[in-house]
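Notes to accompany the following structure.
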Amino acid sequence: MKLPADTYIQHATTGRLRLKIPSQKRNLSFFRKLQREWEGYTGIDRIRINPLSASVVLHYQKLPREIMAGMPSKYAFAAGDRRKKETVFQQVQALFHRADRRLQHFTDGELDLPTLTFMALLLVGFYQISKRNFTAPAWYTAFWYALNIFLKAKE
Numbered sequence: 002m003k004l005p006a007d008t009y010i011q012h013a014t015t016g017r018l019r020l021k022i023p024s025q026k027r028n029l030s031f032f033r034k035l036q037r038e039w040e041g042y043t044g045i046d047r048i049r050i051n052p053l054s055a056s057v058v059l060h061y062q063k064l065p066r067e068i069m070a071g072m073p074s075k076y077a078f079a080a081g082d083r084r085k086k087e088t089v090f091q092q093v094q095a096l097f098h099r100a101d102r103r104l105q106h107f108t109d110g111e112l113d114l115p116t117l118t119f120m121a122l123l124l125v126g127f128y129q130i131s132k133r134n135f136t137a138p139a140w141y142t143a144f145w146y147a148l149n150i151f152l153k154a155k156e
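Numbering-wise (this note's numbering), the sequence shown opens with residue 2 and increments by one.
Have a look at this one:
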C-alpha cells in the first residue's frame, strides 16, 4: 500500500518502528486496512494502530521491503541502508579536510592547511618577539595545540 505523502517516521529502534500519518487521523478504516495488509508480511511480529493519534507501531524481526517501498520517497533509505550518523568529530574533521583540499587546489598543491597554519604561527611568533612579548603562549598557540590533538586523535 502506498502511504500518504505526509507519513513520517516518528521513532525507530531495532525491531520497532512508529509511523505517524496525520492526514489519516481518526480514519479507522484506513488504519484497519493497513493493519490487515501488513500482518501478512513475513518478519512482522505485531502491529498496533491508533487512529486517534494517527500512528502505527510495528514490532518486527525484519522490516519487509514491501512496507518500505510504500513509504514516501524521503524514506527510501530506510529499506536497508542503516548508515550511522556522523559524529561531531567526523563533521569537524570533514570540514578541515575540505578546507585543506580547496587550499591545495587553489595553490596547485604547493600549500596545504598544516603548512599554512605553521607559517602563520611562525610569523605571529616573530611578531610577538619583536614586541618583546616573551610571556605565556598566546591564544593561537592553544588553538594550534587543540587542532593538532583533534586531527591526530583519530588517525
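Note that beta-carbon positions come from the ideal geometry of N, C-alpha and C, so glycine has one too.
Taking buried to mean at least 16 other C-beta atoms within 10 Å of its own C-beta, is residue 30 buried or exposed?
exposed
Any idea if residue 201 is buried or exposed, counting beta-carbon neighbours within 10 angstroms, 16 or more meaning buried?
Lying before the first or after the last residue shown, residue 201 is absent from the chain, which here runs from 2 to 156.
Smallest Cα separation from residue 11: which of 87, 54, 120, 114?
54
For the beta strand (DSSP E) that contains residue 21, what are its first and last residues?
17–21
Following the continuous beta strand (DSSP E) through residue 118, name the residue where it begins and the one where it ends.
Following the DSSP letters along the chain, one finds residue 118 in no beta strand (DSSP E) but inside the alpha helix (DSSP H) bounded by residues 114–131.
Apart from the five residues on each side of it in sequence, which residues of its chain come closer than 6 Å, Cβ to Cβ, to residue 26?
The answer, listed in chain order, is 55.
Quick one: using the 10 Å Cβ neighbour count with 16 as the cut-off for buried, is residue 108 buried or exposed?
exposed
Pairwise C-alpha distance: residue 112 and residue 95:
18 Å
Tell me the residue span of the beta strand (DSSP E) that contains residue 11.
Residues 9–14.
Cβ-based burial, residue 146 [other Cβ within 10 Å; buried from 16]:
Exposed.
How many whole angstroms separate the CB atoms of residue 45 and residue 61, which I take to be in contact at a CB cut-off of 8 Å?
Right, the Cβ-Cβ distance comes to about 5 Å (below 8 Å), so this counts as a contact.
Identify, in the order they occur along the chain, each residue of the same chain with its Cβ nearer than 6 Å to the Cβ of residue 47, setting aside the five sequence neighbours on each side.
If you ignore the 5 residues before and after residue 47, its C-beta comes within less than 6 Å of the C-beta of 60, all in its own chain and listed in chain order.
Could you please give me the residues that DSSP links to residue 98 through a beta bridge?
According to DSSP, residue 98 bridges with nothing at all.
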